[in-house]
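Residue numbers (the numbering used here): 3 to 464.
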């Protein structure tokens, strides 16, 4: 199933229906993203009873283990093709792995959950997630036409992701509106059931309706997997810059996600339904703002749009801190959520689009498509940041700030919670903007690279 006739050889972009079919993969990925931090981490820390510090430690160790497994999966995606193409078979393989783990993680027993249970199923959960995410991202360099078309593909993927997260996070509010007084276990179980429905459906739509061609300029598959090839990739200054930016932005996002429910409940005195309503508006703003950030990137450069989005997010934490000192309720929390939501998706979309440009730059020099490994490194960078947020963040929250969910907390502990929630992400976003400001792979550079490449194989630049 080669699909050469469906590719970009004519210079035409993928039609919107095909782009949307590709973007459906964002639905199951969305369920492994922010909801894990917003609902799963607090569920296992509080209701399941593992405790704040232990939950944070386990999340951190599991994510650090992914730093070993992710590059291996990236190599597998690059190296092993099938009659279905470069990535379709990997998408299909990820479905039963992620589906099985989703069932046990999102629908845990109410009694008897041990750290061992959590570790086993979360390991499998992250394996399935990484395989699906790496395959999906590695698809883009081959099916996108140019510098801005890569942003277009990731834009639609992120819009679908945001809408999926919007739907998942609306579950508590919808259940409350139906006057179904369910606890956190039932809320998370409902999310898990929705993911189990959409996971095979999205895999079917994407693998049937999206082409899976070789990348322009690609001479062969990935070379033998070894440490030298990984170190060589890390020596790519462009890749290193984007990985640093991803760690900083990913940590900021994960700190926000892991502590949002605690801040909404203890600082702003919101109910679960009210907090979910704010999250719905947060993601609605994220979906509405994404085309504006991409338009800014199209008129300037991707790294300039990234800096603008990161600084906007940083400003939102200044508001959160001030509002948390002077008032409670939806009225005080909502403006910060709108501002933070508007900036939320842009950094993630833009870094993934920048990696696609770097993949093309590397392919133009070597004829070797390393998109799987490059995207697995990006995934690892994000996970590393998220592990720091949950491990170190929860440790600071419990041991330094003295905050513990489910217990009576002093005003000082609640103020410590607000400080962790605002200060860490705000500083990280500013540092991410500074790091991104010196990125050098611009639109003009990318055009010259594209012109140097021939569909039949690599043409090295002078």
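All C-beta atoms in this analysis are idealised placements derived from N, C-alpha and C, irrespective of residue type, glycine included.
With a threshold of 8 Å on Cβ separation, who are the neighbours of residue 464 within its own chain once the five nearest residues in sequence on each side are excluded? Low per-residue confidence applies at residue 464: pLDDT is 27, beneath 50, and the placement is therefore not dependable, though the value from the model is reported in the following sentence. Answer for residue 464: no residue qualifies.
Beta carbon of residue 300 nearer than 7 Å to that of residue 342: no
Integer-rounded CB distance, given that residue 135 should sit under 8 Å from residue 381: 6 Å
Take residue 322 and list the residues in its own chain whose beta-carbon comes closer than 6 Å to its own, dropping the five residues that flank it on each side. Leaving aside the five residues that flank residue 322 on each side, the residues in its chain whose CB is nearer than 6 Å to its CB run, in chain order, 338 and 424.
Does DSSP put residue 22 in a helix, in a strand, or in coil? helix
In its own chain, which residues sit with a C-beta less than 7 Å from the C-beta of residue 97, not counting the 5 before and 5 after it? 201, 202 and 205
Decide if the stretch 97-110 is in contact with the stretch 127-141; the criterion is three or more beta carbon pairs, one per stretch, under 8 Å apart. yes
How is residue 370 classed by DSSP in three states: helix, strand or coil? strand
N-terminal and C-terminal residue of the alpha helix (DSSP H) that residue 430 is part of: The continuous alpha helix (DSSP H) containing residue 430 extends over residues 413-438.
Which same chain residues end up closer than 8 Å to residue 402 when comparing Cβ atoms and leaving out the 5 residues on each side of it in sequence? Once the five neighbours on either side are set aside, the close Cβ partners of residue 402 are 418.
CB of residue 430 within 7 Å of CB of residue 250, strictly: yes
Closest to residue 448 by C-alpha separation, out of 428, 47, 303 and 264, would be which residue? 303
Can you tell me whether residue 160 is buried or exposed, with buried defined as 16 or more other CB within 10 angstroms of its CB? Residue environment: residue 160 is assigned as buried (16 or more neighbouring CB atoms within 10 Å of its CB, all protein chains considered).
Could you give the uninterrupted runs of the beta strand (DSSP E) lying entirely in the stretch 271-315, keeping only those of 3 residues or more? none
Identify every residue that forms a DSSP beta bridge with residue 404. Under DSSP, residue 404 shares a beta bridge with no residue.
Determine the closest residue to residue 79 out of 279, 214 and 105, with distance taken between C-alpha atoms. 214
DSSP on residue 163, reduced to helix/strand/coil? helix
Residue from 334, 277, 148 and 198 whose Cα sits closest to the Cα of residue 16: Per the Cα distances, 148.
Run through the DSSP bridge pairs and tell me what residue 378 is partnered with. According to DSSP, which records beta bridges pairwise, residue 378 is partnered with nothing at all.
Counting C-beta neighbours from all protein chains within 10 Å, is the total for residue 442 16 or more, i.e. buried, or is it exposed? Around the beta-carbon of residue 442, fewer than 16 other beta-carbon atoms lie within 10 Å, marking it exposed.
Below 8 Å CB to CB, which residues in the same chain sit around residue 360 once its five sequence neighbours on both sides are set aside? Sequence-distant partners of residue 360 (beyond 5 residues in either direction) whose C-beta falls short of 8 Å from its own C-beta, in its chain, are 238, 240, 241, 244, 376 and 443.
Contact the stretch 328-337 vs the stretch 279-295: 3+ CB pairs below 8 Å: yes
Closer than 6 Å: residue 103 CB and nearest the ligand MG heavy atom: The ligand MG is not among the ligands present in this structure, which contains no ligands whatsoever.
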